[in-house]
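Peer 1: Position one of the sequence shown corresponds to residue 1 (full-length UniProt numbering), numbered consecutively onward. Glycine included, C-beta positions come from ideal geometry on N, C-alpha and C. Note that the structure is a prediction, hence the values are computed from the model and not measured. This is the structure I have questions about; it appears just below.
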Amino acid sequence: MEWIAMFILIIILLIRFTYANNGKTIKLPSPLLKSSISIEEALLLRRSKRFYKDNPLTLQELSQILWASQGISDPDYKFRTCPSAGALYPLEIYVSVLRVDGIESGIYKYNPEKHEIVQIYKSSKREELYEASLKQEWIKRAPVVIIICASFYKTKARYGERGIRYIYIETGHCAQNIYLQCVSLNLGTVAIGAFDDDEIKRILNLPKFEFPTYLMPIGKI
Ligand SMILES: Cc1cc2nc3c(=O)[nH]c(=O)nc-3n(C[C@H](O)[C@H](O)[C@H](O)COP(=O)(O)O)c2cc1C
Numbered sequence: 001m002e003w004i005a006m007f008i009l010i011i012i013l014l015i016r017f018t019y020a021n022n023g024k025t026i027k028l029p030s031p032l033l034k035s036s037i038s039i040e041e042a043l044l045l046r047r048s049k050r051f052y053k054d055n056p057l058t059l060q061e062l063s064q065i066l067w068a069s070q071g072i073s074d075p076d077y078k079f080r081t082c083p084s085a086g087a088l089y090p091l092e093i094y095v096s097v098l099r100v101d102g103i104e105s106g107i108y109k110y111n112p113e114k115h116e117i118v119q120i121y122k123s124s125k126r127e128e129l130y131e132a133s134l135k136q137e138w139i140k141r142a143p144v145v146i147i148i149c150a151s152f153y154k155t156k157a158r159y160g161e162r163g164i165r166y167i168y169i170e171t172g173h174c175a176q177n178i179y180l181q182c183v184s185l186n187l188g189t190v191a192i193g194a195f196d197d198d199e200i201k202r203i204l205n206l207p208k209f210e211f212p213t214y215l216m217p218i219g220k221i
């Protein structure tokens, strides 16, 4: 009996070891909850920025941006930094990483529950994203591009066609959070609405009912 338990333990450890070594899941540092910039200053200073330094972002900066986009702010009820119709949370956040300190480039998906990112592609697919967003240079060069997507079925299942409206409103909430968080971190971003939906869907191999709603390149300014 004991050796069976030992065998199972070894298998679990082997799986965990392999998983960890693949670099597939990255635990993000906890978000900081204090800033030297007030919300009023952030609103005043928010501007769309399209040109960034080549410097990589830190993992703390990426953590902060992802938390602002969809992070859990109430662990008891799992409410998030963004409001959501019926608290259904249809938004899915992907991040194309070209340069972030300490992690390899690739495309990652944010898991708000665990505040971690899971690598889904080893390539940042930046050239393809650039082509799909009508060759906007800032998509090619930014150290990070956030791709906001939405599971339309989640919200439509409860609200019918009106759910579509809710999805786009929620995307706006999310993007504004990212804008303001970027001001606070002295980073630049711009909301990109001009892109080929089908192409982005193909590049990320999104599930059938999931569609991109916004792209946001981010970098130091
Ligand atoms: C729905 C929407 C779509 C946008 N799409 C793009 C885009 O594809 N490319 C771009 O460079 N800026 C885009 N922008 C940013 C606007 O150009 C920008 O917000 C506007 O010029 C006002 O400047 P400000 O954001 O600095 O106040 C978009 C903004 C919104 C709200």
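(1) Closest by CA to residue 224, which one among D198, G193, Y77 and I167?
(2) Under the three-state reduction of DSSP, which class applies to G86: helix, strand or coil?
(3) Do I107 and K125 have their CB atoms nearer than 9 Å?
(4) What separation, rounded to the nearest whole angstrom, lies between the Cα atoms of P212 and E92?
(5) Give the secondary structure of R80 by DSSP, where H, G and I count as helix, E and B as strand, and everything else as coil.
(6) Short of 6 Å in beta carbon distance, which residues of its chain neighbour residue 224, apart from the five on each side in sequence? Order them along the chain.
(7) Are three or more beta carbon pairs between the segment 150-168 and the segment 49-58 nearer than 8 Å?
(8) Kindly list the residues whose CB is nearer than 7 Å to the CB of P29, restricted to its own chain and excluding five residues on each side of it in sequence; keep chain order.
(9) Using alpha carbons as the reference points, say which of A194, V144 and I164 lies closest to G188.
Peer 2: The short version:
(1) For the chain, the structure presents residues 1 to 221; residue 224 sits outside this window and is missing.
(2) In the structure shown, G86 sits in a helix (DSSP, three-state: H, G or I).
(3) By the CB criterion at 9 Å, I107 and K125 fall inside the cutoff.
(4) 9 Å
(5) strand
(6) The chain is shown only over 1 to 221; residue 224 falls outside these bounds and no answer can be derived.
(7) no
(8) L59, Q60 and S63
(9) Comparing alpha carbon positions, the residue from A194, V144 and I164 closest to G188 is V144.
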